[in-house]
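In our numbering, the protein residues as written are 3 to 235. Backbone N, C-alpha and C fix where the C-beta goes; we use that ideal spot for every residue, glycine too. Everything numeric in this text was worked out from a predicted model, so none of it was measured. In what follows, a single structure is set out as structure tokens and then discussed.
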């Protein structure tokens, strides 16, 4: 699957390692972890139900497709083919194409652009952060550039399809029910608990996210609870 250009790009990124970049990419690349993205999608449902549902569905479908493609192509990872690969976290050797993390990152890239629209700096900041997270999989020695580009494309394409399909969903009718935020809130609480109670991040260098995100998520959930409950009493 990899070519000379792919190897050259890989070394250009992977060989640029420094202790400072190790720390940055080691944490940021964890944003593509499956449980992290599922939690972010659930949080998004609290603020924008249609987009959150589309994101969660896109994450699930693209994730399944990525796993099927991994088994179909069964390509070796950089550490199995190249020498002197700089690795962050565990050394992985199989199922390289496409990158599952980059696939999830692709979903969140488009979700961010749809949430704040193209003219808002927040959309490009968050989308850019997830692109950097995907590049972190190259920097961390887990994937070749082609794996990451394919993953991003798969995630973005699936998210685009789910967003357009969501136009047919009766979301306005669903939002009338109090369960339109209680169910997402329950999902947030469960995922935050799983993430914070011993979940092993991939890569392992991003383990600090397993402490930060659950606390932040529960604080957001509590804030939303306080806003909504008085209106129901």
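Can you tell me whether DSSP reads residue 205 as helix, strand or coil?
coil
CA-to-CA distance, residue 30 to residue 106, given in whole angstroms:
13 angstroms
Looking at C-beta atoms only, is the number of pairs between the region 95–110 and the region 76–85 that lie closer than 8 angstroms three or more?
yes
Report the residue from 51, 223, 124 and 10 whose alpha carbon sits nearest the alpha carbon of residue 165.
51
Which runs of the alpha helix (DSSP H) at least 4 residues long sit entirely within the region 131–172? Give them in chain order.
147–167
Quick one: grab the DSSP three-state call for residue 53.
helix
Can you tell me the Cα-Cα spacing of residue 90 and residue 146, whole angstroms?
14 angstroms
Which of helix, strand or coil does DSSP assign to residue 177?
coil
Please state if the CB of residue 135 and the CB of residue 54 are separated by a distance shorter than 9 angstroms.
no
Whole angstroms are fine: how far does the CA of residue 139 sit from the CA of residue 12?
10 angstroms
On the DSSP letters alone, give me the boundaries of the alpha helix (DSSP H) that residue 111 sits inside.
102–118
So which of 44, 74, 86 and 67 has the shortest CA-CA distance to residue 16?
86
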